[in-house]
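Visitor: The structure follows.
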Amino acid sequence: MQLGYSFCPNDTFIFYALAHGKVAAPGPVTEVLEDVETLNVWALEGRLPLTKISYAAYGRLRERYVALRSGGALGRGVGPLLVARGPLDALRGKRIAVPGRHTTAFLLLSLLEEGFTPVEMRYDRIMPAVQAGEVDGGLIIHESRFTYPRYGLVKVLDLGEWWEGETGLPLPLGAILARRDLGEAAIRALDKAVRESLEYAYAHPEETVAYIKQHALELEDEVIWAHIRTYVNDFSLDVGEEGERAVRELFRRAEERGLLPTSRQPLYL
0 MQLGYSFCPN DTFIFYALAH GKVAAPGPVT EVLEDVETLN VWALEGRLPL TKISYAAYGR
60 LRERYVALRS GGALGRGVGP LLVARGPLDA LRGKRIAVPG RHTTAFLLLS LLEEGFTPVE
120 MRYDRIMPAV QAGEVDGGLI IHESRFTYPR YGLVKVLDLG EWWEGETGLP LPLGAILARR
180 DLGEAAIRAL DKAVRESLEY AYAHPEETVA YIKQHALELE DEVIWAHIRT YVNDFSLDVG
240 EEGERAVREL FRRAEERGLL PTSRQPLYL
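Take the sequence shown: its letter number 22 is residue 21 in numbering that gives the first Met the number 0, and every next letter is one higher.
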């Protein structure tokens, strides 16, 4: 079975054991590593049976996919950042680089602000583009959160802080989705396998390092482990009741604004 996830340290940390046969799974698992927006687009096509996804994209996929309770990225202090070369007095009319129209980052900025012009590019291209003046600002995710000062950029807005202040809830960023046509038994077995893969990584962190560095765009140990500490947490083991409430609130706000379609399908099994 193909499993899609990003080359970011939080994903390679979580899925190391599953991809290398260290934990039991319903069948052989083959990893497919790609940029998160590529995975979002592939999921809209139904390409992979099991895949990491932005929660914003999941809002459009609830009829075909269901989220696993384990393996996701939710939390506090994890929000996408809007950065620029200097302060921005307003976003209206500004060209803002975004990591994809199906990312949670873009959905959050769209909920907060209107009138900006999104310029799509892969997330690791955003900071150089802002630095070079190709765009007025950039919406950064993943390890960029820790490295943007190296590009002479300043933080204009922390969308996680905005979300937490508005809702009091953790921010849902990404989930692991399984195609509903796999059947309930297989999906529950996959959920268990993902949780056990993360538990294995917690128990053997040193064993994951070579795999993480094989795929990471930033190779410094400090950046890698800061990334993992930020995006891998108790919500990654199980989304929990609070995490579910956060996802429902994100979808409710987006549906009210016409940014996501409605669905009656359950979010989780």
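Ideal Cβ positions, reconstructed from N, Cα and C, are used throughout, including at glycine.
1) I believe VAL129 touches ALA96 by the beta-carbon criterion, under 8 angstroms. Please report the beta-carbon distance rounded to the nearest angstrom.
2) Using 8 angstroms as the threshold, is the C-beta distance between ALA42 and THR103 below it?
3) With GLN130 as the anchor, note down where its alpha helix (DSSP H) starts and where it stops.
4) Select from LEU170, TYR150 and THR50 the residue whose C-alpha is nearest the C-alpha of ARG244.
5) Name, in chain order, the residues that DSSP records as bridge partners for THR50.
6) Count the CB pairs spanning the stretch 150–160 and the stretch 103–122 that are closer than 8 angstroms, and state whether there are at least three.
7) Need the endpoints of the beta strand (DSSP E) that LYS119 sits in, please.
8) Figure out for me which residue from GLY20, PRO8, ALA225 and GLY45 has the closest Cα to the Cα of LEU176.
9) Run through the DSSP bridge pairs and tell me what ILE186 is partnered with.
10) Would you give the residue range spanned by the beta strand (DSSP E) that GLU30 belongs to?
11) Mapping the DSSP letters down to three states, classify ILE139 as helix, strand or coil.
12) Give every residue of the same chain whose Cβ lies closer than 8 angstroms to the Cβ of ARG247, excluding the five residues on either side of it in the sequence, and list them in chain order.
13) Can you tell me the Cα-Cα spacing of THR207 and PHE234, whole angstroms?
14) Beta strand (DSSP E) containing ARG94: first to last residue?
15) Would you check if the distance between the CB atom of ASN9 and the CB atom of ILE186 is smaller than 8 angstroms?
Guide: From the atom records:
1) By one-based count along the sequence shown, residue 129 stands at place 130. By one-based count along the sequence shown, residue 96 stands at place 97. With 8 angstroms as the limit, VAL129 and ALA96 qualify as a contact, their Cβ atoms being about 6 angstroms apart.
2) Numbered from 1 along the sequence shown, position 43 holds the residue referred to as residue 42. Numbered from 1 along the sequence shown, position 104 holds the residue referred to as residue 103. In this structure, THR103 does not lie closer than 8 angstroms to ALA42 by Cβ.
3) Counting from one through the sequence shown, the residue named residue 130 turns up at place 131. 122–130 is the extent of the alpha helix (DSSP H) around GLN130.
4) Looking up residue 244 in the sequence shown gives position 245. The shortest C-alpha separation from ARG244 is found at LEU170.
5) On the sequence shown, position 51 is the one that residue 50 refers to. Note: THR50 sits in a beta bridge opposite GLY3 and LEU176.
6) yes
7) Position 120 of the sequence shown, counted from the first residue, corresponds to residue 119. The question names Lys, but residue 119 in the sequence shown is Glu. Where GLU119 is concerned, the enclosing beta strand (DSSP E) stretches over 116–119.
8) The residue labelled residue 176 in the question sits at position 177 within the sequence shown. For the residues GLY20, PRO8, ALA225 and GLY45, the minimum Cα distance to LEU176 belongs to GLY45.
9) Translated into positions along the sequence shown, residue 186 becomes position 187. Answer is none; ILE186 lacks a bridge partner.
10) On the sequence shown, position 31 is the one that residue 30 refers to. Looking at the DSSP string, the run of the beta strand (DSSP E) that includes GLU30 is 29–32.
11) Locating residue 139 in the sequence shown gives position 140, counting from the first residue. Three-state result, ILE139: strand.
12) Start at 1 with the first residue of the sequence shown, and residue 247 comes out as number 248. If we look at ARG247 and ignore the five residues flanking it on each side, its Cβ neighbours are LEU266.
13) Indexing the sequence shown from 1 puts residue 207 at position 208. Indexing the sequence shown from 1 puts residue 234 at position 235. Roughly 20 angstroms separates the two Cα atoms.
14) For the purposes of this step, residue 94 is identified with residue 95 of the sequence shown, where counting begins at 1. 94–97 is the extent of the beta strand (DSSP E) around ARG94.
15) Taking the sequence shown and counting its residues from 1, the one referred to as residue 9 is at position 10. Taking the sequence shown and counting its residues from 1, the one referred to as residue 186 is at position 187. The answer is no: Cβ separation not under 8 angstroms.
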